[in-house]
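All residue numbers for the sequence shown refer to our numbering, where the first residue is -12 and numbers rise by one.
Glycine included, each C-beta is placed from N, C-alpha and C at the ideal position.
Report on the structure given below.
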Amino acid sequence: MTDIEKNVEKLLKELPSHNPQGERVKLVAAVKTQTPEAINRAVRAGVNIIGDNHVQEFRDKYDLIEGNPERHFIGHLQTNKVKYLIGRTDLYHSVDRYNLAEEISRRSAAAGTVSRVLVQINIGCEQTKGGFDLSQADEAVARIAELPAMEVRGLMAMLPFTDDEDELQRLARAMRSKYDELKAVRPQFEYLSMGMSGDWKLCIECGSNMVRIGTAIFGERHYDK
(Lines of atoms letter the chains of each structure in order from A and count residues from 1; the text may use other names and numbers.)
(Lines give C-alpha, C1' and ligand atoms only; values in the text may rest on other atoms or scores of the structure.)
Protein backbone atom coordinates (compact mmCIF):
# COMPACT_ATOMS: atom_id res chain seq x y z
CA MET A 1 0.00 0.00 0.00
CA THR A 2 1.42 3.31 -1.02
CA ASP A 3 1.99 5.66 1.88
CA ILE A 4 -0.14 8.46 0.51
CA GLU A 5 0.36 10.75 3.48
CA LYS A 6 4.15 10.60 3.20
CA ASN A 7 3.98 11.15 -0.56
CA VAL A 8 1.81 14.24 -0.15
CA GLU A 9 4.06 15.60 2.60
CA LYS A 10 7.16 15.05 0.43
CA LEU A 11 5.51 16.59 -2.63
CA LEU A 12 4.28 19.66 -0.79
CA LYS A 13 7.82 20.22 0.53
CA GLU A 14 9.34 19.86 -2.94
CA LEU A 15 6.72 21.90 -4.76
CA PRO A 16 7.81 25.56 -4.92
CA SER A 17 5.22 27.94 -3.52
CA HIS A 18 5.72 30.26 -6.51
CA ASN A 19 7.02 29.94 -10.08
CA PRO A 20 9.78 32.19 -11.50
CA GLN A 21 7.11 34.72 -12.53
CA GLY A 22 6.05 35.08 -8.90
CA GLU A 23 2.71 33.29 -9.34
CA ARG A 24 1.48 30.86 -6.70
CA VAL A 25 1.79 27.24 -7.85
CA LYS A 26 -1.29 25.06 -7.34
CA LEU A 27 -1.29 21.29 -7.02
CA VAL A 28 -4.12 19.25 -8.56
CA ALA A 29 -4.16 15.64 -7.38
CA ALA A 30 -5.05 13.45 -10.38
CA VAL A 31 -7.35 10.82 -8.87
CA LYS A 32 -8.07 8.51 -11.82
CA THR A 33 -8.79 4.95 -10.59
CA GLN A 34 -8.32 5.93 -6.93
CA THR A 35 -10.79 4.88 -4.26
CA PRO A 36 -12.65 7.50 -2.21
CA GLU A 37 -10.66 6.31 0.82
CA ALA A 38 -7.33 6.97 -0.94
CA ILE A 39 -8.51 10.38 -2.12
CA ASN A 40 -9.69 11.31 1.36
CA ARG A 41 -6.30 10.34 2.78
CA ALA A 42 -4.63 12.70 0.30
CA VAL A 43 -7.06 15.50 1.17
CA ARG A 44 -6.46 15.05 4.90
CA ALA A 45 -2.71 15.17 4.20
CA GLY A 46 -2.98 18.59 2.57
CA VAL A 47 -4.31 18.23 -0.99
CA ASN A 48 -7.02 20.84 -1.63
CA ILE A 49 -7.72 20.35 -5.34
CA ILE A 50 -8.60 17.02 -6.94
CA GLY A 51 -8.89 16.35 -10.66
CA ASP A 52 -10.97 13.62 -12.27
CA ASN A 53 -10.38 12.11 -15.73
CA HIS A 54 -13.58 10.10 -16.09
CA VAL A 55 -17.15 11.33 -15.65
CA GLN A 56 -18.39 8.01 -14.26
CA GLU A 57 -15.75 8.08 -11.53
CA PHE A 58 -16.54 11.73 -10.81
CA ARG A 59 -20.22 10.89 -10.33
CA ASP A 60 -19.65 7.74 -8.29
CA LYS A 61 -17.20 9.36 -5.88
CA TYR A 62 -18.59 12.89 -5.71
CA ASP A 63 -20.51 12.59 -2.44
CA LEU A 64 -17.88 10.36 -0.82
CA ILE A 65 -15.07 12.92 -0.84
CA GLU A 66 -14.46 14.67 2.46
CA GLY A 67 -13.00 18.07 3.25
CA ASN A 68 -14.62 20.03 0.41
CA PRO A 69 -11.63 20.21 -1.98
CA GLU A 70 -11.95 22.05 -5.28
CA ARG A 71 -13.20 19.69 -7.97
CA HIS A 72 -11.51 19.94 -11.36
CA PHE A 73 -12.12 17.87 -14.50
CA ILE A 74 -8.82 17.20 -16.25
CA GLY A 75 -9.55 14.43 -18.75
CA HIS A 76 -10.96 14.17 -22.24
CA LEU A 77 -14.65 15.06 -22.03
CA GLN A 78 -17.40 13.78 -24.30
CA THR A 79 -20.16 16.26 -25.07
CA ASN A 80 -22.92 13.83 -24.03
CA LYS A 81 -21.46 13.66 -20.51
CA VAL A 82 -21.13 17.38 -19.85
CA LYS A 83 -24.55 17.43 -18.18
CA TYR A 84 -23.21 15.41 -15.24
CA LEU A 85 -20.53 17.99 -14.42
CA ILE A 86 -22.36 21.31 -14.69
CA GLY A 87 -22.49 23.19 -11.41
CA ARG A 88 -20.27 20.62 -9.70
CA THR A 89 -16.94 21.38 -11.38
CA ASP A 90 -14.78 24.33 -10.32
CA LEU A 91 -12.52 24.25 -13.39
CA TYR A 92 -12.49 22.31 -16.69
CA HIS A 93 -8.88 21.88 -17.85
CA SER A 94 -9.44 20.11 -21.15
CA VAL A 95 -11.64 22.20 -23.44
CA ASP A 96 -10.03 20.92 -26.62
CA ARG A 97 -12.62 21.64 -29.33
CA TYR A 98 -15.41 24.09 -30.12
CA ASN A 99 -18.37 21.73 -29.88
CA LEU A 100 -17.35 20.83 -26.33
CA ALA A 101 -17.11 24.51 -25.38
CA GLU A 102 -20.53 25.14 -26.92
CA GLU A 103 -22.09 22.28 -24.96
CA ILE A 104 -20.58 23.45 -21.66
CA SER A 105 -21.86 26.95 -22.46
CA ARG A 106 -25.35 25.76 -23.34
CA ARG A 107 -25.67 23.56 -20.28
CA SER A 108 -24.22 26.22 -17.98
CA ALA A 109 -26.56 28.93 -19.21
CA ALA A 110 -29.57 26.62 -18.82
CA ALA A 111 -28.51 25.83 -15.25
CA GLY A 112 -27.92 29.49 -14.37
CA THR A 113 -24.24 28.95 -13.61
CA VAL A 114 -20.94 30.12 -15.10
CA SER A 115 -18.26 27.56 -15.96
CA ARG A 116 -14.56 28.32 -15.64
CA VAL A 117 -12.49 26.63 -18.33
CA LEU A 118 -8.98 26.27 -19.69
CA VAL A 119 -8.35 25.94 -23.41
CA GLN A 120 -6.25 22.88 -24.19
CA ILE A 121 -3.31 23.38 -26.53
CA ASN A 122 -1.70 20.41 -28.30
CA ILE A 123 1.77 21.84 -27.87
CA GLY A 124 3.54 18.76 -29.25
CA CYS A 125 1.26 18.48 -32.31
CA GLU A 126 0.59 14.86 -31.31
CA GLN A 127 -2.08 12.94 -33.18
CA THR A 128 -2.93 10.95 -30.06
CA LYS A 129 -3.81 14.07 -28.05
CA GLY A 130 -6.62 16.57 -28.38
CA GLY A 131 -6.37 20.32 -28.30
CA PHE A 132 -5.84 23.29 -30.55
CA ASP A 133 -2.56 23.96 -32.33
CA LEU A 134 -0.52 26.72 -30.73
CA SER A 135 -1.12 28.84 -33.84
CA GLN A 136 -4.87 28.56 -33.19
CA ALA A 137 -4.71 29.59 -29.53
CA ASP A 138 -5.70 33.24 -29.97
CA GLU A 139 -8.72 32.45 -32.13
CA ALA A 140 -9.80 29.55 -29.93
CA VAL A 141 -9.66 31.59 -26.75
CA ALA A 142 -11.50 34.49 -28.37
CA ARG A 143 -14.30 32.29 -29.72
CA ILE A 144 -14.77 30.35 -26.51
CA ALA A 145 -14.65 33.48 -24.36
CA GLU A 146 -17.56 34.94 -26.35
CA LEU A 147 -19.85 32.06 -25.43
CA PRO A 148 -22.49 32.68 -22.75
CA ALA A 149 -21.89 31.48 -19.19
CA MET A 150 -18.20 30.78 -19.82
CA GLU A 151 -15.01 32.22 -18.32
CA VAL A 152 -11.74 31.29 -20.00
CA ARG A 153 -9.22 31.35 -17.17
CA GLY A 154 -6.10 30.15 -18.96
CA LEU A 155 -4.47 27.37 -20.94
CA MET A 156 -3.68 23.69 -20.43
CA ALA A 157 -1.09 21.50 -22.12
CA MET A 158 0.49 18.06 -21.87
CA LEU A 159 4.11 17.77 -22.94
CA PRO A 160 5.14 14.82 -25.14
CA PHE A 161 6.79 11.78 -23.60
CA THR A 162 10.43 12.23 -24.58
CA ASP A 163 13.85 12.23 -22.90
CA ASP A 164 14.86 15.30 -24.93
CA GLU A 165 14.87 17.88 -22.14
CA ASP A 166 15.83 20.72 -24.47
CA GLU A 167 12.76 20.02 -26.58
CA LEU A 168 10.53 19.82 -23.51
CA GLN A 169 11.86 23.16 -22.29
CA ARG A 170 11.31 24.71 -25.71
CA LEU A 171 7.70 23.56 -25.81
CA ALA A 172 7.00 24.55 -22.20
CA ARG A 173 8.47 28.01 -22.77
CA ALA A 174 6.40 28.40 -25.93
CA MET A 175 3.29 27.66 -23.86
CA ARG A 176 4.32 30.24 -21.27
CA SER A 177 4.98 32.82 -23.97
CA LYS A 178 1.51 32.31 -25.46
CA TYR A 179 -0.05 32.45 -21.99
CA ASP A 180 1.68 35.78 -21.34
CA GLU A 181 0.50 37.18 -24.68
CA LEU A 182 -3.08 36.27 -23.93
CA LYS A 183 -2.96 37.37 -20.30
CA ALA A 184 -1.80 40.82 -21.41
CA VAL A 185 -5.21 41.37 -23.04
CA ARG A 186 -7.27 39.04 -20.85
CA PRO A 187 -6.65 39.90 -17.18
CA GLN A 188 -8.97 37.09 -16.07
CA PHE A 189 -6.29 34.61 -17.15
CA GLU A 190 -4.72 33.04 -14.06
CA TYR A 191 -3.82 29.42 -14.82
CA LEU A 192 -1.25 27.72 -17.01
CA SER A 193 -1.95 24.06 -16.21
CA MET A 194 1.11 22.16 -17.38
CA GLY A 195 3.12 19.44 -15.70
CA MET A 196 2.53 15.92 -14.41
CA SER A 197 4.43 13.47 -12.19
CA GLY A 198 7.30 13.04 -14.65
CA ASP A 199 7.86 16.64 -15.75
CA TRP A 200 6.35 19.01 -13.18
CA LYS A 201 9.68 20.45 -12.04
CA LEU A 202 10.65 21.42 -15.59
CA CYS A 203 7.19 22.85 -16.25
CA ILE A 204 7.22 25.05 -13.16
CA GLU A 205 10.71 26.29 -14.03
CA CYS A 206 9.32 27.25 -17.45
CA GLY A 207 6.33 29.12 -16.01
CA SER A 208 3.55 26.68 -15.20
CA ASN A 209 1.47 27.66 -12.17
CA MET A 210 -0.73 24.57 -11.92
CA VAL A 211 0.43 20.94 -12.03
CA ARG A 212 -1.62 17.73 -12.23
CA ILE A 213 0.05 14.95 -10.26
CA GLY A 214 -1.22 11.44 -9.64
CA THR A 215 1.53 8.80 -9.59
CA ALA A 216 3.80 10.75 -7.24
CA ILE A 217 0.92 10.84 -4.73
CA PHE A 218 -0.87 7.53 -5.16
CA GLY A 219 1.79 5.35 -6.79
CA GLU A 220 1.47 3.50 -10.07
CA ARG A 221 -2.13 3.02 -11.18
CA HIS A 222 -3.66 -0.45 -11.19
CA TYR A 223 -6.38 -0.55 -13.80
CA ASP A 224 -7.71 -3.93 -12.73
CA LYS A 225 -9.20 -2.60 -9.50
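| Query | Result |
| --- | --- |
| 7 Å Cβ shell around L158 - same chain, five flanking residues per side excluded | I110, G111 and L146 |
| Test item: CB-CB of M143 and L105 under 9 Å | yes |
| Beta strand (DSSP E) segment containing Q107, residue limits | S102 to I108 |
| Sheet register partners of R199 (DSSP bridge) | V15 |
| Neighbourhood of G33 by C-beta, 6 Å cutoff - its chain only, sequence neighbours within 5 removed | V(-5) and L(-1) |
| Residues near V42 by beta carbon distance below 6 Å, same chain, minus five either side | K68 and Y71 |
| Within 9 Å, strictly: CB atoms of G201 and M183 | yes |
| First through last residue of the alpha helix (DSSP H) which encompasses Y49 | Where Y49 is concerned, there is no enclosing alpha helix (DSSP H), given that its DSSP letter is neither H nor E. |
| Helix, strand or coil at L179 according to DSSP, with G and I counted as helix | strand |
| Beta-bridge partners of R58, as assigned by DSSP | I37 |
| Contact between the segment 49 to 63 and the segment 94 to 103 (3+ Cβ pairs under 8 Å) | no |
| Beta-bridge pairing of L142 - partner residues as DSSP gives them | V106 and L179 |
| C-beta atoms of G194 and R163 nearer than 9 Å | yes |
| Reduced DSSP secondary structure (H/G/I, E/B, other) of F119 | strand |
| Endpoints, the beta strand (DSSP E) within which S81 is located | L78 to V82 |
| Buried or exposed by the 16-neighbour rule on C-beta atoms within 10 Å, applied to A124 | buried |
| Where the alpha helix (DSSP H) containing R75 begins and where it ends | First-last for R75: undefined, no H or E at that position. |
| Where G99 falls, given that 16 or more other Cβ within 10 Å makes a residue buried | exposed |
| 9 Å Cβ cutoff met for H59 and V15 | yes |
| Residue burial classification, R199 (beta-carbon count within 10 angstroms, cutoff 16) | buried |
| S102 versus I73, E113 and N86, residue with shortest Cα-Cα distance | I73 |
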